[in-house]
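Participant:
There are 2 protein chains.
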Amino acid sequence: MTAERLVLAAAELADEVGFENVTVSALARRFGIRDASFYSHIRNAQELREQVSRLALTELADQAANALAGRSGRDALVAFANAYRDYARRHPGRYAAGQLPVSPATADAARRHSELTRAILRGYELPEAEHVHAVRLLHSTFHGYVSLERAGGFDHSGDVAASWRRVLDVLDATLAHWPAP
Amino acid sequence: MTAERLVLAAAELADEVGFENVTVSALARRFGIRDASFYSHIRNAQELREQVSRLALTELADQAANALAGRSGRDALVAFANAYRDYARRHPGRYAAGQLPVSPATADAARRHSELTRAILRGYELPEAEHVHAVRLLHSTFHGYVSLERAGGFDHSGDVAASWRRVLDVLDATLAHWPAP
DNA sequence: ACCCTATCCTAGAGCCTCTAGGCAATGGGT
DNA sequence: ACCCATTGCCTAGAGGCTCTAGGATAGGGT
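As structure tokens, then:
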């Protein structure tokens with residue numbers, strides 16, 4: 024019974040019942056032990072949730088890195104974005120966890136995401152000074168899309184997958200013809 | 024003591040202590056009555072939160088509509104986006120409430136947001152078939168940006184306001200030179 | 001006067017968080 | 001072999017949030 028296994032179980036629980044329902048009680052129930060017993064392993068419920076957040080961000084970065092491997096330009100953009108969206112769809116609870124306010128514990132994982140996104144830009148020709156803005160644009164759009172999709176914000180007006188492909192087309196064109204400041 | 028005043032108080036509470044801390048108990052405390060007394064006014068805590076969500080989406084749509092009035096093209100885009108971001112910064116708790124999964128009660132407010140976003144497109148020349156994709160791109164980017172900013176995701180790498188302006192520049196250029204499918 | 005409804009109350013059950021303190025097994029050092 | 005510290009779990013219990021059931025009260029309409 025390591026803290027690691029515990030966090031993994033919490034992540035699985037999150038995907039099953041939603042991150043907001045990840046409680047110490049529910050986890051204890053799943054392990055067949057008393058609530059109080061958990062507090063030897065974990066400081067408190069808050070910390071448990073942060074660890075799940077950190078796990079999610081790390082997994083997501085791993086998969087994004089994988090998607091990027093050996094690709095560049097448009098291929099890299101699409102593969103990265105799809106890794107992002109696929110992860111959110113496969114692991115909704117984990118993904119939601121990743122949206123917790125950035126804590127010291129998750130700051131390094133968050134930095135990795137920025138660096139990976141920045142790697143995409145190497146396939147386009149943007150001035151160095153524009154990189155930070157482009158990274159934020161991509162991050163925002165990917166995250167915004169998957170969270171609105173997940174919340175049902177796109178439910179009543181046409182094919183969500185088609186829009187996603189089109190949005191990636193448009194972002195590719197935008198990076199390829201990045202307007203001068 | 025109408026349901027409306029109650030929801031308004033809940034929204035204020037959300038902005039002060041965070042949406043996740045809006046509880047029936049906290050609200051009752053603020054009104055100086057017992058928890059149980061609230062259940063004559065409100066079905067349950069879930070409904071209270073949904074009403075706050077609906078209030079937030081409606082207020083946000085009102086302000087976005089105001090920002091759009093009399094503007095078109097790039098002006099409209101920037102004013103709309105700023106209305107969005109300003110609202111999120113001024114009313115963090117309400118904004119967070121607006122991200123609840125779309126319920127039947129909030130579906131009409133959500134539709135209004137789509138229509139307002141669509142109004143921006145009238146200042147650009149996009150084929151009708153592209154509108155749904157462009158609306159989703161804009162929504163995603165605005166929402167993604169303000170929520171990542173709020174969560175602290177942009178904390179460690181430069182001026183967030185400058186990036187915001189630049190992102191809007193880029194979106195303007197993207198809408199102006201929308202790539203063919 | 002009488003009733004009715006709105007508003008609030010107490011009591012209490014159920015779930016979640018977390019602290020304090022205890023007990024038993026395990027396994028390493030002597 | 002023996003001791004003892006650590007580990008992992010336990011019970012007990014306090015306190016907060018949610019919600020139901022049922023009761024008091026007071027003002028307004030008939």
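The listed protein sequences correspond, in order, to chains A and B. Just so we're aligned, residue 24 is where the first sequence starts under our numbering, counting upward by one. Just so we're aligned, residue 24 is where the second sequence starts under our numbering, counting upward by one. Just so you know, even glycine gets a beta-carbon here, dropped at the ideal spot from N, CA and C. Because the structure is a prediction, the values reported are computed rather than measured.
Is residue 158 of chain A near residue 141 of chain A, with beta carbons less than 7 Å apart?
Facilitator: For residue 158 of chain A and residue 141 of chain A, yes; Cβs fall inside 7 Å.
Participant: Under the three-state reduction of DSSP, which class applies to residue 108 of chain B: helix, strand or coil?
Facilitator: Here residue 108 of chain B sits in helix by DSSP.
Participant: Could you tell me whether the Cβ of residue 146 of chain B comes closer than 7 Å to any Cβ of chain A?
Facilitator: Closer than 7 Å: no.
Participant: Sort B/185, B/49 and B/85 by Cα distance to residue 106 of chain B and report the nearest one.
Facilitator: Minimum Cα distance to residue 106 of chain B is reached at B/85.
Participant: Note down, in chain order, all residues in the segment 163-181 of chain B with a beta-carbon under 9 Å from any beta-carbon belonging to chain A.
Facilitator: So the list reads 163, 164, 165, 166, 167, 168, 169, 170, 171, 172, 173, 174, 175, 176, 177, 178, 179, 180 and 181, given in the order they occur along the chain.
Participant: Would the beta-carbon of residue 120 of chain B fall within 7 Å of that of residue 61 of chain B?
Facilitator: Cβ distance not < 7 Å, so residue 120 of chain B and residue 61 of chain B don't count as in contact.
Participant: Assuming residue 155 of chain A and residue 186 of chain B form a contact by the criterion Cβ under 8 Å, report the distance between their Cβ atoms to the nearest whole angstrom.
Facilitator: Correct: roughly 6 Å between the Cβ atoms.
Participant: Mind listing the chain B neighbours of residue 192 of chain A? Cutoff is C-beta to C-beta under 7 Å, in chain order.
Facilitator: By Cβ distance, chain B contributes 202.
Participant: Residue 197 of chain B touches chain A at which residues, Cβ-Cβ below 7 Å?
Facilitator: Residues of chain A passing the Cβ test: 193 and 197.
Participant: 7 Å is my cut-off, CB to CB: does residue 154 of chain B come that close to chain A?
Facilitator: With 7 Å as the cut-off, residue 154 of chain B does not count as an interface residue toward chain A.
Participant: Taking Cβ-Cβ distances shorter than 7 Å, what residues in chain B pair up with residue 132 of chain A?
Facilitator: Here the premise fails: no neighbours, minimum Cβ distance about 11 Å.
Participant: Would you mind reading off the limits of the alpha helix (DSSP H) that contains residue 39 of chain A?
Facilitator: Note, residue 39 of chain A: alpha helix (DSSP H), 26-40.
Participant: Count Cβ pairs between the segment 169-186 of chain B and the segment 138-152 of chain A that sit closer than 8 Å; are there 3 or more?
Facilitator: In short, these stretches do not touch, since the Cβ pair count stays below three.
Participant: To the nearest angstrom, how far is it from the Cα of residue 39 of chain A to the Cα of residue 47 of chain A?
Facilitator: Their Cα atoms are separated by approximately 15 Å.
Participant: For residue 53 of chain A, go through chain B and note every residue whose CB falls closer than 8 Å to its CB, in chain order.
Facilitator: Ordered by position in chain B, no residue passes the 8 Å Cβ test against residue 53 of chain A, which lies about 23 Å from the chain.
Participant: In chain A, what lies closer than 7 Å to residue 18 of chain B by C-beta?
Facilitator: Outside the displayed range of chain B (24 to 204) lies residue 18 of chain B, so it cannot be described from this structure.
Participant: Are the Cβ atoms of residue 178 of chain B and residue 97 of chain B separated by less than 7 Å?
Facilitator: Their beta carbons are not under 7 Å apart, which means residue 178 of chain B does not touch residue 97 of chain B by this criterion.
Participant: Determine the chain A residues that contact residue 97 of chain B at a beta-carbon separation under 8 Å, and present them in chain order.
Facilitator: Those do not exist, as residue 97 of chain B stays about 12 Å from chain A at its closest Cβ, beyond 8 Å.
Participant: If contact means a Cβ-Cβ distance below 8 Å, which residues of the segment 118-142 of chain B contact chain A?
Facilitator: Answer in chain order: 122, 123, 124, 125, 130, 133, 134 and 137.
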